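In order, the protein sequence lines correspond to chains A and B. 117 is the number that this note's numbering gives to position 114 of the first sequence; each next residue is one higher, with no gaps. 169 is the number that this note's numbering gives to position 136 of the second sequence; each next residue is one higher, with no gaps. From the three backbone atoms N, C-alpha and C, an ideal C-beta is built for every residue, glycine too. Predicted, not measured: the structure shown is a model, and the values here were computed from it. In what follows, a structure is listed as structure tokens, so that the remarks can point back to it.
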Amino acid sequence: MNEAIDAAIARHRDRPGPLLVVLHDIQAALGYVPPEAVPRIAAALRLSRAEVHGVISFYHYFRERPPGARTIRLCRAEACQAVHGDSLARHAEQRLGIGFGETTADGRHTLEAVYCLGNCACGPSLLIGEELHGRVTPERFDELLDGAGSAP
Amino acid sequence: MTTTVWVPRDAGALSLGAEATAWAIAREAAARGLDVTIRRNGSRGLYWLEPLVEVATPAGRVAYGPVTAAEVPGLFDAGFLDGCAHRLGHGPTERIPWLASQQRLCCARIGVIAPADVREYEAQGGLAGLRRALGLPPAEIVRAVSESGLRGRGGAAFPAGRKWRTVLEQEAPQKYIACNADEGDSGTFADRLLLEGDPLAVIEGMVIAGLAVGATQGYLYLRIEYPQARRALDEAIAAARAAGLLGDDILGSGRSFELEVRLGAGAYICGEETSMLESLEGRRGEVRVRPPLPAVRGLFGLPTVVNNVVTCASVPAILAHGASWYRDYGCGESRGTLPLQLGGNVRRGGLVERAFGLTLRELIEDYGGGTASGRPVRAVQIGGPLGAWLPPALLDTPVDYEALAAAGAPLGHGGIVVFDDTVDLAAMARFAFAFCAHESCGKCTPCRIGSTRGVELLDRIRAGTDTEVALERLAALCDTLRQASLCGLGGMTPNPVESALRHFPEDFRARS
Chain A
4 MNEAIDAAIA RHRDRPGPLL VVLHDIQAAL GYVPPEAVPR IAAALRLSRA EVHGVISFYH
64 YFRERPPGAR TIRLCRAEAC QAVHGDSLAR HAEQRLGIGF GETTADGRHT LEAVYCLGNC
124 ACGPSLLIGE ELHGRVTPER FDELLDGAGS AP
Chain B
34 MTTTVWVPRD AGALSLGAEA TAWAIAREAA ARGLDVTIRR NGSRGLYWLE PLVEVATPAG
94 RVAYGPVTAA EVPGLFDAGF LDGCAHRLGH GPTERIPWLA SQQRLCCARI GVIAPADVRE
154 YEAQGGLAGL RRALGLPPAE IVRAVSESGL RGRGGAAFPA GRKWRTVLEQ EAPQKYIACN
214 ADEGDSGTFA DRLLLEGDPL AVIEGMVIAG LAVGATQGYL YLRIEYPQAR RALDEAIAAA
274 RAAGLLGDDI LGSGRSFELE VRLGAGAYIC GEETSMLESL EGRRGEVRVR PPLPAVRGLF
334 GLPTVVNNVV TCASVPAILA HGASWYRDYG CGESRGTLPL QLGGNVRRGG LVERAFGLTL
394 RELIEDYGGG TASGRPVRAV QIGGPLGAWL PPALLDTPVD YEALAAAGAP LGHGGIVVFD
454 DTVDLAAMAR FAFAFCAHES CGKCTPCRIG STRGVELLDR IRAGTDTEVA LERLAALCDT
514 LRQASLCGLG GMTPNPVESA LRHFPEDFRA RS
């Protein structure tokens, strides 16, 4: 883990304003930004630990705990609400047995709210990992959950 | 002889199964021993037809859609490779009325070319603007953009030329071009369509901006919610570099411009330009107090042009065809064209680029065809989460920055979201405050605290407890937010709340 952190720091420390780039790199490698990363980043970039922690906690995308195997980011914004995105959100919570921001007990799924995926003519939308799905009905949601998420 | 079939690799098309469609076409062609070349374009923005497959025939490209993988064998049976008729056929793509009636200046190439193919880009009019700019003194480039009347398409609608002139006039060891691709407004996707469908136009626009103001380094701040746009941009930047559009000798001119993509991290506020600059510098995306303007002290304290993706992508054609060519489109102080985005509960959603001046009704009824659910349109949200709610009676307002502002509905980034009669506007007003609370950067008190007080007041109003007092306090709260917030997030959150209350008062009465 420390190797991944140090590698990310080494790769980007000479860029101007590198902190977000470093954090993205670490989260891409580890799935989250572990607490151990904070002092290492702070020391390398000559920042205080508070500054690094402040940035991690400011941005909704960065997380400090490991996520489930698959992260589902479901759009809660207005254009998806216009096409029953709220019922899909309720269905997702029920089906997974968790609320937004939580991970299932078996560690398979993390459910997160996002505000707009730029697919507003094809809602309701969600991302599974980096794969975008549109016009997702509750039935389709179940298929995606069961069927490893291949397209229709 | 091989037949070319175009299948979009646009995130929206992929979200509806375009990848499986492409595989099915390849598989079916192989099984039938037919020579088919599958090429990947962006989306033309006709989202009710996605995945929209196009076959290149001697008579031009012929469209079929929506083509799911299951429809593919039937299309082969019908002879779609020869452009034959089929239930899903729409004839020549360019003659689909929804598309043919548009005025695509900025989005002329989306869905037409392979996005990272520099040769195709050039064949379709790309690079003419950059070549022209390379032969002009900086002040002349700025003058062309000023005279075109182009205003910032991100939402603030500030004259682009005036911003560029300010940066040009600064003496500084380094200047920057920062392209804002943090398209966070619900209902908007024009930036994404351009980044995935014609990223070279965005890059070309940034390079021209650099030549105009004397900046050699550009940053493109892309939201993390757009992974497909990131892939498209990476490919396009590599292609642009290989073709000499980026680097230290742009098209052999000896001039240089470098470009780096930086990713956001899920903060809506970073679409606000000073917050975006903070984020680019690696900090919390807290807004800066202005002045100084970013044009004077921007990224890393140096003069910076901050332009939205659509603004950048509009520049090359202005340089190529001249300022008056662009200015002749539009009306009043709103010159040129605007890529409008039609979404939500709408039958035919997608991208409509037209000159300013068409009415919202034309957009929603003629292009949109009413709601997808078939129920009556009850409300339309204009300009994203900080825009306004309008009832059908006000849809004859023309799309024009000033006319819409006068109707209390700032156009923002041009997103139009349609709702049917099941919408509860009091719930949407509550959502506006909740969203503001969720996304507030916390720097100023009205936004940080006021947004949560707003949620509480709406809860009381919706529950019918002490409604009169709550409504009075709500008016005062909106006033405070508008007057005392540091930026548009707090300052404009009253827009959706007050417009919902004004136009849909019945939703704010207690339900029994």
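Residue i - containing beta strand (DSSP E), residue span
{"i": "residue 338(B)", "result": "337 to 341"}
{"i": "residue 132(B)", "result": "Not the beta strand (DSSP E): residue 132(B) falls in the alpha helix (DSSP H), residues 130 to 133."}
{"i": "residue 303(B)", "result": "Counting along the chain, residue 303(B) falls outside any beta strand (DSSP E), and DSSP gives it neither H nor E."}
{"i": "residue 503(B)", "result": "Careful: residue 503(B) lies outside any beta strand (DSSP E), inside the alpha helix (DSSP H) at 500 to 517."}
{"i": "residue 422(B)", "result": "421 to 423"}
is_contact[residue i, chain E] using C-beta, thresh 8 Å
{"i": "residue 21(A)", "result": "Of the chains in the structure shown, none is chain E; the protein chains are A and B."}
Three-state secondary structure (DSSP) of residue i
{"i": "residue 482(B)", "result": "helix"}
{"i": "residue 545(B)", "result": "Summary for residue 545(B): the model assigns pLDDT 45, below 50, so the residue's position carries little reliability; its value from the coordinates is reported in the next sentence. Three-state DSSP puts residue 545(B) in coil, outside helix and strand."}
{"i": "residue 433(B)", "result": "coil"}
{"i": "residue 22(A)", "result": "helix"}
{"i": "residue 154(A)", "result": "With a pLDDT of 42 at residue 154(A), under the threshold of 50, the modelled position of this residue cannot be trusted; read the value that follows with caution. Reduced to three states, the DSSP call for residue 154(A) is coil."}
{"i": "residue 250(B)", "result": "strand"}
{"i": "residue 193(B)", "result": "helix"}
{"i": "residue 327(B)", "result": "coil"}
{"i": "residue 39(A)", "result": "coil"}
{"i": "residue 46(B)", "result": "helix"}
{"i": "residue 214(B)", "result": "strand"}
{"i": "residue 183(B)", "result": "coil"}
{"i": "residue 388(B)", "result": "strand"}
{"i": "residue 230(B)", "result": "helix"}
{"i": "residue 316(B)", "result": "coil"}
{"i": "residue 333(B)", "result": "helix"}
{"i": "residue 145(B)", "result": "coil"}
{"i": "residue 367(B)", "result": "strand"}
{"i": "residue 281(B)", "result": "coil"}
{"i": "residue 75(A)", "result": "strand"}
{"i": "residue 61(B)", "result": "helix"}
{"i": "residue 262(B)", "result": "helix"}
{"i": "residue 122(B)", "result": "strand"}
Spatially closest choice to residue i from the options, by CA coordinates
{"i": "residue 158(B)", "options": "41(B), 391(B), 143(B)", "result": "143(B)"}
{"i": "residue 68(A)", "options": "11(A), 13(A), 112(A), 35(A)", "result": "35(A)"}
{"i": "residue 219(B)", "options": "139(B), 417(B), 502(B), 517(B)", "result": "417(B)"}
{"i": "residue 428(B)", "options": "445(B), 407(B), 451(B)", "result": "451(B)"}
{"i": "residue 77(B)", "options": "60(B), 64(B), 99(B), 459(B)", "result": "99(B)"}
{"i": "residue 93(B)", "options": "268(B), 523(B), 419(B), 145(B)", "result": "145(B)"}
{"i": "residue 202(B)", "options": "247(B), 240(B), 232(B)", "result": "247(B)"}
{"i": "residue 47(B)", "options": "142(A), 148(A), 138(A), 117(A)", "result": "138(A)"}
{"i": "residue 71(B)", "options": "474(B), 53(B), 82(B), 160(B)", "result": "53(B)"}
{"i": "residue 113(B)", "options": "412(B), 64(B), 36(B), 333(B)", "result": "36(B)"}
{"i": "residue 512(B)", "options": "502(B), 531(B), 500(B), 498(B)", "result": "531(B)"}
For residue i, the first and last residue of its enclosing alpha helix (DSSP H)
{"i": "residue 469(B)", "result": "458 to 472"}
{"i": "residue 146(A)", "result": "141 to 149"}
{"i": "residue 61(A)", "result": "52 to 61"}
{"i": "residue 115(B)", "result": "Careful: residue 115(B) lies outside any alpha helix (DSSP H) and carries neither H nor E."}
{"i": "residue 446(B)", "result": "Premise fails: residue 446(B) is in no alpha helix (DSSP H) and is neither H nor E."}
{"i": "residue 64(A)", "result": "Segment: none, residue 64(A) is in no alpha helix (DSSP H) and carries neither H nor E."}
{"i": "residue 417(B)", "result": "Note, residue 417(B): premise wrong, no alpha helix (DSSP H); not H, not E."}
### Message
Taking contact to mean 3 or more Cβ pairs, one atom from each stretch, closer than 8 Å, check whether the segment 436 to 443 of chain B and the segment 483 to 499 of chain B are in contact.
### Response
no
### Message
Tell me whether the segment 383 to 391 of chain B and the segment 127 to 145 of chain B touch, counting them as touching only if at least three CB pairs, one residue from each stretch, are closer than 8 Å.
### Response
yes
### Query
For the 8 Å Cβ check, are there 3 or more pairs between the segment 310 to 324 of chain B and the segment 13 to 27 of chain A?
yes
### Message
Check whether the segment 343 to 357 of chain B and the segment 174 to 192 of chain B touch, using three or more Cβ-Cβ pairs below 8 Å as the test.
### Response
yes
### Query
Are the segment 196 to 214 of chain B and the segment 332 to 351 of chain B touching, with three or more C-beta to C-beta distances below 8 Å?
yes
### Message
By the 8 Å beta-carbon criterion, what residues does the segment 214 to 226 of chain B contribute toward chain A?
### Response
216, 217, 218, 219, 220, 221, 222, 224, 225
### Query
Of all the residues that make up the segment 323 to 353 of chain B, which are near chain A by a beta-carbon distance shorter than 7 Å?
333
### Task
Residues of the segment 85 to 96 of chain B with a CB closer than 9 Å to any CB of chain A: list them in chain order, please.
none
### Message
Between the segment 70 to 84 of chain A and the segment 47 to 55 of chain A, can you find at least three pairs of beta-carbon atoms closer than 8 Å?
### Response
no
### Proximal residues, the segment 127 to 149 of chain A versus chain B, C-beta separation under 7 Å
128, 133, 135, 136, 137, 138
### Residues within the segment 46 to 57 of chain A neighbouring chain B, beta-carbon criterion of under 7 Å
57
### Query
Are the segment 190 to 201 of chain B and the segment 264 to 278 of chain B touching by the rule of at least three beta carbon pairs closer than 8 Å?
no
### Message
Using a Cβ distance threshold of 8 Å, determine whether the segment 403 to 411 of chain B contacts the segment 451 to 471 of chain B, with at least three qualifying pairs required.
### Response
yes
### Message
Please list, in chain order, the residues of the segment 69 to 100 of chain A that have any C-beta partner in chain B closer than 7 Å.
### Response
80, 81, 82, 85, 86
### Query
Is it a yes or a no for the segment 225 to 242 of chain B touching the segment 148 to 167 of chain B, going by three-plus beta-carbon pairs under 8 Å?
yes
### Task
Note down, in chain order, all residues in the segment 71 to 82 of chain B with a beta-carbon under 7 Å from any beta-carbon belonging to chain A.
80
#### Entry: Contact set between the segment 296 to 312 of chain B and chain A, restricted to residues whose Cβ is under 7 Å from the partner
296, 298, 299, 300, 301, 312
#### Entry: Contacting positions in the segment 100 to 124 of chain A - beta carbon closer than 7 Å to chain B
117, 118, 119, 120, 121, 122, 123, 124
### Task
Decide yes or no for the touch test of the segment 99 to 111 of chain B against the segment 248 to 262 of chain B: beta carbon pairs closer than 8 Å, at least 3 of them.
no
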